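*Asks:* In terms of our numbering, the sequence shown opens at residue 10 and continues consecutively.
Backbone N, C-alpha and C fix where the C-beta goes; we use that ideal spot for every residue, glycine too.
Every value quoted in this text rests on a predicted model; they were computed, and no experiment measured them.
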Amino acid sequence: MSKKHNGLLWRVLKIWATCLILAFCVLGVIAVKRVGVPVVTMYREASKDVAKSSKDTFKAEQTSLVYDAEGNEIKKLKQEKDVSYLDYEDIPDAAKLAIISIEDKNFTTHHGIDVEGVARAGLSLILNRGNITMGGSTITQQLARNIFLGYEKTYSRKIKEMFIAVALEQKYTKQEILEFYLNNVYFANGYYGIESASEAYFNKNAKDLSISQIAFLCSIPNSPNRYDPYKHKDSTLKRRDRILKNMYEDGYISESQYEKSVAEKITIMPKKETTTNDYAETYILKCATEALMKQQGFEIKTTFSSDSEKEKYNNEYDELYNTCKKSLYSAGYRIYTSIDMEKQKQLQDSVSSQLSMFTEKTDDGVYKVQGAAVSIDNSTGKVAAIVGGREEDQEGYGLNRAYQSFRQPGSAIKPLLVYTPALEKGYTPDSTLDDSRMTGSDSVSNAGYSYSGSISLRRAVEKSSNVATYRLYEDLGPRSCMKYLEALNFKGLDKRDYEYNSTCIGGFTNGTTVIEMAAGYATIANDGEYHTPDCIIKITDAKGNDIVPEDKSTKSVYSSSASRMMTSVLQSCVTESEGTAHVCQLDVDMPAACKTGTTNDYVDGWLCGYTPYYTTAVWVGMDKYKSVDNLKGNTYPASIWKNYMDKIHQGLTRKEFESYLSDTESTTEATTESTEDDTESTTESTTESTEDNTAADTTEPDTSQDYYNPDDNNNDNNYNNNNNTENNNNGYGGGNNGNGGNDANNGNNENNKNNNDSGMDNGGNNDGGDSGNNGDSGTPDNGE
10 MSKKHNGLLW RVLKIWATCL ILAFCVLGVI AVKRVGVPVV TMYREASKDV
60 AKSSKDTFKA EQTSLVYDAE GNEIKKLKQE KDVSYLDYED IPDAAKLAII
110 SIEDKNFTTH HGIDVEGVAR AGLSLILNRG NITMGGSTIT QQLARNIFLG
160 YEKTYSRKIK EMFIAVALEQ KYTKQEILEF YLNNVYFANG YYGIESASEA
210 YFNKNAKDLS ISQIAFLCSI PNSPNRYDPY KHKDSTLKRR DRILKNMYED
260 GYISESQYEK SVAEKITIMP KKETTTNDYA ETYILKCATE ALMKQQGFEI
310 KTTFSSDSEK EKYNNEYDEL YNTCKKSLYS AGYRIYTSID MEKQKQLQDS
360 VSSQLSMFTE KTDDGVYKVQ GAAVSIDNST GKVAAIVGGR EEDQEGYGLN
410 RAYQSFRQPG SAIKPLLVYT PALEKGYTPD STLDDSRMTG SDSVSNAGYS
460 YSGSISLRRA VEKSSNVATY RLYEDLGPRS CMKYLEALNF KGLDKRDYEY
510 NSTCIGGFTN GTTVIEMAAG YATIANDGEY HTPDCIIKIT DAKGNDIVPE
560 DKSTKSVYSS SASRMMTSVL QSCVTESEGT AHVCQLDVDM PAACKTGTTN
610 DYVDGWLCGY TPYYTTAVWV GMDKYKSVDN LKGNTYPASI WKNYMDKIHQ
660 GLTRKEFESY LSDTESTTEA TTESTEDDTE STTESTTEST EDNTAADTTE
710 PDTSQDYYNP DDNNNDNNYN NNNNTENNNN GYGGGNNGNG GNDANNGNNE
760 NNKNNNDSGM DNGGNNDGGD SGNNGDSGTP DNGE
């Protein structure tokens, strides 16, 4: 080679070396500047962690313990991973070569960090103005993250990951590191390690897999959600082909092996149905996992500005969810919950006994008519009991309908979406509303075509008037009202819910869950203060050191004045003989405030209500959207609610609701009666007020994160994707992870197809006509 060429090569190498040095410097400077963590300290910590490790570190499992509200142990969380652990010589050579070929080509030569990968990551960091967009992680770095670190994307975590990787390379051989990696890496759907994945997807031991099957499995770890074989098999196959091509080009397989492997048809085993012992356990697992995620800095979101933002969130959620859930079975946590096992049994007994007349089952042995209920302790805002279905003879209960099934709420949504927001705006229980018949293409009807002309707001809620609710919703403004549901963290909100006024009488695109409804009503019961409806008090390590400390934070959704007025109105639904929830008067000496909900064709029935002590929401229906005989909010749901609430209030001292008349936030003994169009009406104290005059005294949700942007067309897809949905209940994002190990409700895959009218409910004193799916508003369902 000529000197000229040598000189050119030398200049290129110097430029490349300079880029590497700059990349390292950029990472170091940003870490020190942004997080203030001395790099030397991180290096010492990393070295100490690795020094304490042994081969057992990558296999050992510590049992976690779960405690109920009384401090009694109720569950051990342990998995025996040694059963599927393979020593290096037992791992197929094809698996070792495939993972090296696709994940870390320089694995055999680098010392834990691939300088080329770091340079690419550093350059990307500079081009993206400090945002971490690509990892550049080696196999050793991935192992460091899986075993020693979390998945939060921070500069300090990335640098510490590098230090741990270097330390691992100094302590362990390449063979040991590859052994540790292939036994710990995540292969989606709860499977860790190549042997577990082989058994789950192919019903074979790893040593018996073909090269094509091995390449298929090795496609998954890069992004377990994107390459989930059950959800995105086509994507997994494309990545398999890429791995096979890499293996061929790297000389690991011959041309004939390559061609045969690419042509091989991949057939995977059906997905295993995962069940757990009871509904409380599934919710505990979900809440504990999300608590650990939050502790690592992950923000649980329910609304998104675009499909791309939602997809990115889902992928990040899934990755971290699986890691945190895995740690529940291995980290030796002590998980303290708010679940009261006596109330849990009482709620389960109430749901099962009050639906015992429905005996028909599916081919899988599951009762066709189902119920779900959630009970919240108002003093803490925590879940005291949660039931996701009737007791079954089979082992494990499967789907937890209390938080995994999205259903149409019917009139039960009215207090949360319309009436309490109206009371925020200056209306009072005595304000006059229009309950006269509506005409026109967008009109709605009352149950039994019963209209009362001018009625009070209190009476409109008592009889569950659709037309009064609809007009009030129009006056308040749909977007203004929907902000309250956003503040209550309703996960299934869709762009169309903001466009159709039939939303106000229960016609949502996707619906809501029992846990969301319970939390919403508990917010009213707690003077407008919202508590996240989880069941985790705290999580500690085995020595009692806090991992997730107790969180008593709340946020204000409604004012105390509006909440107390709404409580007074909902009490009337129970105490007045013509109130829709009149059957919910308790036998014990305790006041109650309730609202019923019934959707068209008797598909969904709801009873949501509270006392000063507890809030309980109940849903009854079928998993598939079909009618249930005599199902109304004031039949089976009310029976379950009353049966349970009578039990848990035995022996409790009578306690009254706070009166809104004595609330210092009220401007007079009976605050003003006001709407945008009618400011001349007066109340008992003849106070006159306009919406502008009362706005300063109300509490309105933060509008800085407005979910619906009229210029945004990225939210057109249904949350349930019409007839082909997997029900994601993990804080809205990702796969089947937030569901505590249970698959989604098949019934939710049929998108409310029976709920297409928003006019009539069912006559008599039942709810005044709840709607179904958005789109048609005004066609009566029953009564013609």
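Could you give the uninterrupted runs of the beta strand (DSSP E) lying entirely in the segment 450–532, keeping only those of 3 residues or more?
*Replies:* 462–465
*Asks:* Whose C-alpha, out of L364, K377 and A381, is nearest the C-alpha of Q353?
*Replies:* Looking from the CA of Q353, the closest CA among L364, K377 and A381 belongs to A381.
*Asks:* Could I get the ranges of all uninterrupted alpha helix (DSSP H) runs contained in the segment 198–248, with 4 residues as the minimum, in chain order?
*Replies:* 203–211 and 220–226
*Asks:* Please report the distance separating the alpha-carbon of D543 from that of I344.
*Replies:* 13 Å
*Asks:* Any idea what DSSP makes of E800, helix, strand or coil?
*Replies:* The shown model of the chain, from 10 to 793, leaves out residue 800, and the question about it has no answer.
*Asks:* Does chain B have any CB closer than 8 Å to the CB of C603?
*Replies:* Chain labels in this structure do not include chain B; a single protein chain is all it has.
*Asks:* Mapping DSSP to helix, strand and coil, what is C593?
*Replies:* In this structure, C593 counts as helix in the three-state DSSP scheme.
*Asks:* Report the residue from T584, N510 and C603 whose alpha carbon sits nearest the alpha carbon of Y530.
*Replies:* C603
*Asks:* What separation, rounded to the nearest whole angstrom, lies between the Cα atoms of G374 and G397?
*Replies:* 16 Å
*Asks:* At what residues does the beta strand (DSSP E) containing K604 begin and finish?
*Replies:* A602 to T607
*Asks:* Which of helix, strand or coil does DSSP assign to N751?
*Replies:* The predicted position of N751 is uncertain, since its pLDDT is 37 and thus under 50; a value taken from the coordinates is nonetheless stated next. N751: coil per DSSP, three-state reduction.
*Asks:* Please state whether the Cβ-Cβ distance between A496 and V566 is less than 8 Å.
*Replies:* The answer is yes: Cβ separation under 8 Å.
*Asks:* Determine the burial state of H119: buried for a count of at least 16 other Cβ atoms within 10 Å of its Cβ, exposed for fewer.
*Replies:* buried
*Asks:* Using DSSP with H/G/I as helix, E/B as strand and the rest coil, what is C296?
*Replies:* helix
*Asks:* Is it the case that the Cβ atoms of F196 and F67 are separated by a distance below 8 Å?
*Replies:* no
*Asks:* When you compare each of K180, N234, S562 and K651 to S388 by their alpha carbons, which one comes out closest?
*Replies:* S562
*Asks:* Could you check the C-alpha separation between I546 and T346 for me, to the nearest Å?
*Replies:* 5 Å
*Asks:* Could you tell me whether the Cβ atoms of C490 and V427 are closer together than 8 Å?
*Replies:* yes
*Asks:* Is T541 helix, strand or coil when you go by DSSP?
*Replies:* coil
*Asks:* Just to confirm, is the Cβ distance from G390 to N498 under 8 Å?
*Replies:* no
*Asks:* Using 8 Å as the cut-off, can you tell me whether the segment 177–186 makes contact with the segment 197–209, which would need three or more C-beta pairs spanning the two stretches below that distance?
*Replies:* no
*Asks:* With R343 as the anchor, note down where its beta strand (DSSP E) starts and where it stops.
*Replies:* R343 to T346
*Asks:* Here's a check: name, in chain order, each residue in its chain whose Cβ is nearer than 8 Å to the Cβ of I395, leaving out the five neighbours to either side.
*Replies:* Annotation for I395: Y288, A289, Y292, I348, Q353, L356, A382, V383, S384, N409, A411, Y412, I524 and C544 place their beta carbon closer than 8 Å to its own, counting only its chain and skipping 5 residues before and after.
*Asks:* So for R446, helix, strand or coil by DSSP?
*Replies:* coil
*Asks:* CA-CA distance, G660 and A78?
*Replies:* 19 Å
*Asks:* Return the residue from the list K269, N212 and G306 that minimises the CA-CA distance to P279.
*Replies:* N212
*Asks:* Of the choices A340, S511 and E483, whose alpha-carbon is the least far from that of P418?
*Replies:* S511
*Asks:* Would you check if the distance between the CB atom of L177 and the CB atom of I100 is smaller than 8 Å?
*Replies:* no
*Asks:* When the Cα atoms are used, what is the spatial distance from E125 to I173?
*Replies:* 18 Å
*Asks:* Does T312 come out as helix, strand or coil in the three-state DSSP assignment?
*Replies:* coil
*Asks:* Measure the alpha-carbon distance for T532 versus Y493 and round it to whole angstroms.
*Replies:* 11 Å
*Asks:* Would L605 pass as a contact of G630 if the rule is Cβ separation under 8 Å?
*Replies:* In the sequence on display, residue 605 carries Thr and not Leu. The answer is no: Cβ separation not under 8 Å.
*Asks:* Would you call the CB atoms of A456 and A469 closer than 8 Å?
*Replies:* no
*Asks:* Return the first residue and the last residue of the alpha helix (DSSP H) that E82 is part of.
*Replies:* Premise fails: E82 lies in the beta strand (DSSP E), E82 to L86, not in any alpha helix (DSSP H).
*Asks:* Using a Cβ-Cβ cutoff of less than 7 Å, which residues in the same chain neighbour Y261 once the five nearest sequence positions on both sides are dropped?
*Replies:* L106 and S110
*Asks:* Kindly indicate the opening and closing residues of the beta strand (DSSP E) around A103.
*Replies:* From DSSP, A103 is part of no beta strand (DSSP E) but of the alpha helix (DSSP H) over D102 to E112.
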